[in-house]
């Protein structure tokens, strides 16, 4: 470095040190005001179920209000996800979202629509829930096992109707992942939400759905629905006798309705660490554990490194499933 370059660097250094000092000071005070946690779905859904007890616990730990903002719209949560992606990366706008985070940009690309956001715009902070989806049919249906269902579907391609909240939503992709692996064709009937889809199968409008264990458990206990298969990699305690699809030979079927907390990818490291430390406390909170257990979902906590790896692996599965589904209206 020559003398001129040395003098130039020396002049810049105090400014850089001052900026760094101001940044560190601001981060040390985090949070100094209210935090917004965007939930890109209506109240009462899986993401909302995850967000509310977590927000309450975070508020207690961080010492500032954490406000849940249900910003639904855009089909599958794209409006809320995009709003979080565009927010200032300062730790004051967080996102509690579902596995459809990776699906929606691919659906936009399929239809040559402007992509609302990219997964790369987000930094995973913590996974909180990861329920496998289960295949359910009416208790009055003739199928006693998943194999019965598959054999009948092969005889009647496109005639067995199943419901889901929307095209390319979590439950649509889960069912199509199973159908593709089993080599069957089903009739997809989209509804305006998970509640109407559940009502449809109970009323006989459709003959199958996939849903989270907590959604199905009361209906199974009341003798209204029967569960035939589990999309997870392992059996679960709430349905110990239900085999996984992988056990049944459908090796490509693995699907979870997971919920996780995200921030923007440019979030400063000290704030990310503060949020990760807080979430580690949140996920051992007795109130949070009880809230999830009551709703039928067990905690499936992962810190940022493991969650990032999980999102990458899960996204590959989901994107492959969306590409197989192709264009549907």
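Numbering (this note's numbering), first residue to last: 1 to 329. For glycine and all other residues, C-beta sits at the position ideal for the given N, C-alpha and C. Since the structure is predicted, the reported quantities are computational estimates derived from the model, not experimental observations.
- In terms of Cβ geometry, residue 301 and residue 127 form a close pair [threshold 8 Å].
- With a beta-carbon spacing of about 33 Å, residue 105 and residue 225 fall beyond the 8 Å limit used to define contacts.
- A direct Cα-to-Cα measurement between residue 124 and residue 307 gives close to 7 Å.
- Here DSSP, grouped into helix, strand and coil, assigns residue 208 to strand.
- It is roughly 26 Å from the alpha-carbon of residue 57 to the alpha-carbon of residue 237.
- Pairing residue 262 with residue 94 gives a Cβ-Cβ distance under 8 Å.
- In this structure, the CA atom of residue 140 is about 42 Å from the CA atom of residue 113.
- Rounded to the nearest whole angstrom, the CA to CA distance from residue 29 to residue 264 is 19 Å.
- With fewer than 16 other beta carbons inside 10 angstroms of its own, residue 115 counts as exposed.
- For residue 303, the enclosing beta strand (DSSP E) covers residues 299-303.
- Straight-line measurement puts the Cα of residue 229 at about 11 Å from the Cα of residue 148.
- For residue 313 and residue 253, the gap between their C-alpha atoms comes out near 13 Å.
- Beyond the five residues adjoining it in sequence on each side, residue 319 comes within less than 8 Å, by CB distance, of 102, 103, 106 in the same chain, given in chain order.
- Between residue 130 and the set 275, 214, 268, 34, the nearest pair of CA atoms involves 214.
- A direct Cα-Cα distance of roughly 6 Å separates residue 234 from residue 244.
- According to the DSSP secondary-structure assignment, residue 143 is paired through a beta bridge with no residue.
- When only Cα atoms are considered, residue 88 and residue 72 end up about 20 Å apart.
- In the displayed model, residue 122 falls within a strand according to three-state DSSP.
- By the neighbour-count criterion, in which a residue is buried when 16 or more other Cβ atoms sit within 10 angstroms of its Cβ, residue 284 is exposed.
- The three-state secondary structure of residue 230, taken from DSSP, is strand.
- Rounded to whole angstroms, the gap between the alpha carbons of residue 170 and residue 136 is 15 Å.
- Shown here for residue 43: same chain residues with a beta carbon closer than 6 Å to its own, the five before and five after excluded, namely 70 in chain order.
- Residue 53 sits away from residue 97, with the two beta carbons spaced by 8 Å or more.
- Secondary structure of residue 194 (DSSP, three-state): helix.
- By the neighbour-count definition (other C-beta atoms within 10 Å, threshold 16), residue 294 is an exposed residue.
- Check the Cα spacing between residue 121 and each of 143, 185, 85, 132: the tightest is with 85.
- Residue range 286-295 is occupied by the alpha helix (DSSP H) that includes residue 287.
- The bridge partners DSSP lists for residue 188 are 162.
- Within the DSSP bridge table, the entry for residue 244 names 230 as partners.
- The residue from 311, 142, 184 with its alpha-carbon nearest to that of residue 154 is 184.
- With a 10 Å radius around the Cβ and a threshold of 16 neighbouring Cβ atoms, residue 266 comes out exposed.
- Residue 192 and residue 76 have their C-alpha atoms roughly 10 Å apart.
- Counting of Cβ neighbours within 10 angstroms places residue 255 among the buried residues, the total reaching 16 or more.
- Counting only runs of at least 3 residues, the stretch 22-64 fully encloses the following beta strand (DSSP E) elements, listed from N- to C-terminal order: 35-39.
- Taking C-alpha positions only, residue 79 is separated from residue 117 by approximately 9 Å.
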